[in-house]
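Data first, discussion second: the structure below is written as structure tokens.
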């Protein structure tokens with residue numbers, strides 16, 4: 112065999128050896144990407160009838176360091192407010208403004224749900 116051929120085979124084998132260390136990470140990344148793409152294709156399970164008013168006229172302002180509790184009877188929109196704040200979906204009309212750093216703010220949000228069955 113020629114020296115260049117042996118060099119090419121040796122170089123290829125070494126490269127494959129180094130690359131094989133990343134195969135488990137590649138498999139994990141491929142699996143995670145499949146889950147993310149599946150989630151992106153899903154339609155939100157919310158009412159998409161724009162003629163039905165939800166949270167009409169809601170204006171909420173919370174100062175830094177202030178604690179806020181959203182309470183009310185079943186069906187009044189508490190979960191919808193939290194979903195909008197968490198940006199699970201965007202409002203059809205109006206805006207959601209969050210001036211704090213998103214991750215810093217999100218770790219401070221807690222939900223306590225109760226059931227009186």
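Numbering (the numbering used here), first residue to last: 112 to 228. A virtual CB, placed ideally from N, CA and C, is assigned to each residue, including glycine. Remember, it's a predicted structure, so these values are computed and weren't measured experimentally.
Kindly list the residues whose CB is nearer than 8 Å to the CB of residue i, restricted to its own chain and excluding five residues on each side of it in sequence; keep chain order.
i: residue 183; result: 189
i: residue 181; result: 189, 192 and 193
Pick helix, strand or coil for residue i, following the three-state DSSP scheme.
i: residue 191; result: helix
i: residue 153; result: coil
i: residue 87; result: Since the first residue of the chain shown is 112 and the last is 228, residue 87 is not available in this structure.
i: residue 137; result: helix
i: residue 142; result: helix
Taking C-alpha atoms, which residue in the options lies nearest to residue i?
i: residue 196; options: 162, 166 and 141; result: 166
i: residue 203; options: 162, 152 and 124; result: 162
i: residue 194; options: 172, 179, 174 and 222; result: 222
Within 10 angstroms of the Cβ of residue i, are there 16 or more other Cβ atoms? Answer buried if so, exposed if not.
i: residue 191; result: buried
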